[in-house]
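Below: the structure, in structure tokens.
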Amino acid sequence: MKMSTLFTRTDKTAKEYDTINATLLTKAGFVNQLMAGVYTILPLGLRVLRKIEDVIREEMDAIGGQEIKMPALHPSENWKQTGAWDGVDVLFKIKSRTEKDYALGQSEEEVVTPLLKEYVNSYKDMPVAVYQIQNKYRDELRAKSGILRGREFGMKDMYSFHETPEDFLKFYEEVKGAYKKIFERLGLTAKVTEASGGSFSKKISYEFMVLTDAGEDDILYCDKCDFCINQEIAGDLAECKKCGAKLQKAKAAEVGNVFDLAQKYPKDFEFSFTDASGEEKYPFMGCYGIGTTRAMGVIVEKFHDENGIIWPENVAPFQVHLISLGEDEEVKNESESLYKDLMEKGVEVLWDDRDTSAGEKFTDADLIGNPIRLVISKRSLESGGYEVKQRNETESKIMQQQELFDKLIRS
RNA sequence: CGGAGCGUAGUUCAGUUGGCUAGAACGCGCGGUUUGGGACCGCGAGGUCAUGGGUUCAAGUCCCGUCGCUCCGACCA
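In this note's numbering, the protein residues as written are 261 to 671.
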């Protein structure tokens with residue numbers, strides 16, 4: 261993409277927020293705030309978000325998840341059926357002009373359970389897992405921390421139904437494994453943390469926590485093994501339950517969560533199936549969430565320096581930030597042809613073709629944070645190659661075209 | 001929802017004990033000079049000072065209400 265055509269621009273006068281993700285994502289033009297806790301995702305931000313979503317899709321598909329898209333506008337009856345209409349205070353409730361009540365989805369058990377009830381009648385129809393990536397709405401008393409806690413936000417939510425608790429548990433573990441892979445691919449180290457099951461599940465749930473001071477949760481973790489527990493359920497616990505080592509305390513942000521919902525929702529919606537012996541039973545259900553927009557915010561919290569964002573390769577808006585300097589014809593022609601070559605080879609390039617100063621181009625490149633910066637200038641042409649610098653390194657080096665292409669196209 | 005702070009140009013902000021013909025920087029437009037770390041010069045456009053009331057000869061400035069944003073707390077199926 262040519263930067264001269266990008267309708268957004270970096271804004272050096274943008275307000276400095278207390279949270280890094282809010283400041284940098286706004287300054288660099290990835291998001292734009294509409295109101296507290298509600299953001300427009302701009303072109304650069306959408307490229308990142310889509311990459312996050314695609315990683316999640318691949319891993320959900322790999323464990324048999326089937327993608328669907330459910331509505332966000334729900335009839336109030338479904339929420340009354342489960343008790344959540346009055347029991348969940350973050351539920352957005354709206355009234356139509358004919359005085360009919362609706363809810364905006366803050367999670368979708370109330371839709372997915374009656375949906376699957378229509379298709380699952382036999383033990384032969386299970387296990388089944390469906391997921392979606394969709395905006396969720398929560399009436400938070402206080403939105404905060406940029407895109408880490410909003411009133412409208414992106415989330416992947418998956419729901420699974422099983423004949424037996426054993427089968428549920430097997431899948432539950434598969435999802436946990438998939439989640440670990442997802443966060444690794446996103447560049448995040450997520451700790452699997454024991455936490456409360458919320459108001460509709462008495463069992464513990466597992467939260468996927470990334471250590472960051474921008475997070476809202478306090479967790480206790482063991483640095484000798486993988487034990488980790490949310491302080492909300494830890495009580496006075498000081499030593500690791502698994503190995504006895506002293507627990508460390510840290511702030512963390514929840515990027516994912518898996519719940520054992522048992523038979524609550526199937527029972528609420530009278531969703532039963534026939535087992536092999538002809539008996540009517542309720543399925544066992546799980547739900548599994550990942551905050552997609554929040555993950556984007558957490559990545560920024562983890563990967564930045566004083567000059568801007570440093571996107572991990574897998575989620576960067578573009579692989580290459582190409583900068584051409586000066587009005588020299590040869591520079592222009594060389595830039596144009598490299599830009600086209602890279603695009604043809606499937607390399608994502610953001611080309612700063614603007615007629616602006618070198619300093620501004622460098623500063624913007626650092627702020628936006630694409631992994632590889634390529635400079636074409638009189639100086640680079642004289643060197644006989646391309647000037648290449650990684651965003652997370654300080655030194656640039658000269659590469660010949662073949663070496664550059666090998667580097668960019670290898671994967 | 002409780003507490004605190006803030007709301008002035010497209011953006012970020014300044015605006016003194018009330019005296020305003022409301023400023024700066026960035027951004028934007030025109031012209032020129034520049035071109036390896038947010039370049040420079042000149043000219044220009046751009047504001048019902050969030051909103052409603054009140055006090056006063058006079059309100060961006062003081063008082064009250066409302067709305068909004070930020071932060072702390074509570075809350076966070």
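Glycine residues also receive a C-beta, built at the ideal position from the N, C-alpha and C atoms.
- Short of 6 Å from the beta carbon of residue 352, and not among the five residues preceding or following it, lie these beta carbons of its own chain, in chain order: 364, 397 and 399.
- Residue 290 and residue 405 have their alpha carbons spaced roughly 15 Å apart.
- DSSP lists 465 as the bridge partner or partners of residue 455.
- Nearest to residue 431 by C-alpha distance, out of 643, 579 and 388, is 388.
- A direct Cα-to-Cα measurement between residue 410 and residue 318 gives close to 26 Å.
- For residue 455, the closest of 492, 439 and 429 by C-alpha to C-alpha distance is 492.
- Inter-segment contact for the segment 433-448 and the segment 326-333 is absent: fewer than three beta-carbon pairs are separated by less than 8 Å.
- Counting only the Cα atoms, residue 655 lies some 19 Å from residue 638.
- Looking at 425, 555, 348 and 479, the one whose alpha-carbon comes closest to that of residue 444 is 555.
- Excluding residues up to 5 positions away in sequence, 263 and 264 lie with their Cβ nearer than 6 Å to the Cβ of residue 614 in the same chain.
- Spanning the alpha carbons of residue 560 and residue 390 requires a straight line of approximately 29 Å.
- By the Cβ neighbour-count rule, residue 517 is buried, with 16 or more other Cβ atoms within 10 Å of its own.
- Under the DSSP assignment, residue 554 falls in the alpha helix (DSSP H) whose first and last residues are 552-562.
- Excluding sequence positions up to five before and after residue 564, its CB lies within less than 7 Å of the CB of 280, 284 and 570, all in the same chain and listed in chain order.
- Checking the DSSP bridge columns, you'll see residue 288 has no partner listed.
- With fewer than three CB-CB distances shorter than 8 Å, the segment 408-428 does not count as touching the segment 576-585.
- Here residue 499 has 505, 506 and 507 as same chain residues with Cβ atoms under 8 Å from its own Cβ, once five neighbours each way along the sequence are excluded.
- With a cutoff of 9 Å on beta-carbon distance, residue 596 and residue 641 are scored as not near each other.
- Here residue 603 carries a helix assignment [DSSP, helix/strand/coil].
- Taking each of 287, 472, 535 and 393 in turn and checking the Cα distance to residue 513, the smallest one comes out for 472.
- In the structure shown, the three-state DSSP call for residue 661 is helix.
- Considering only 474, 660 and 520, the residue with the shortest C-alpha distance to residue 549 is 520.
- Residue 407 is positioned such that its CB atom lies no closer than 9 Å to that of residue 494.
- Spatial neighbours of residue 648 in its own chain (CB-CB distance under 7 Å, excluding positions within 5 residues in sequence) are listed in chain order as 632, 634, 656, 657, 659 and 664.
- As the crow flies, the alpha-carbon of residue 601 is around 33 Å from that of residue 322.
- In its chain, beyond the 5 residues on either side, 572 have a beta carbon closer than 6 Å to the beta carbon of residue 447.
- DSSP, reduced to helix, strand and coil, places residue 339 within a helical segment of the structure shown.
- Burial state of residue 382 is exposed, judged by a 10 Å Cβ sphere holding fewer than 16 other Cβ atoms.
- Look at the beta carbons and you see the segment 305-313 not touching the segment 417-424: under three pairs across the two are nearer than 8 Å.
- Cβ neighbours of residue 586 within its own chain (closer than 7 Å, five residues either side excluded): 637 and 638.
- In the same chain as residue 316, and ignoring 5 residues on each side of it, the C-beta atoms closer than 8 Å to its own belong to 393, 416, 442, 550 and 552, in chain order.
- In the structure shown, residue 450 adopts extended strand secondary structure according to DSSP, grouped into three states.
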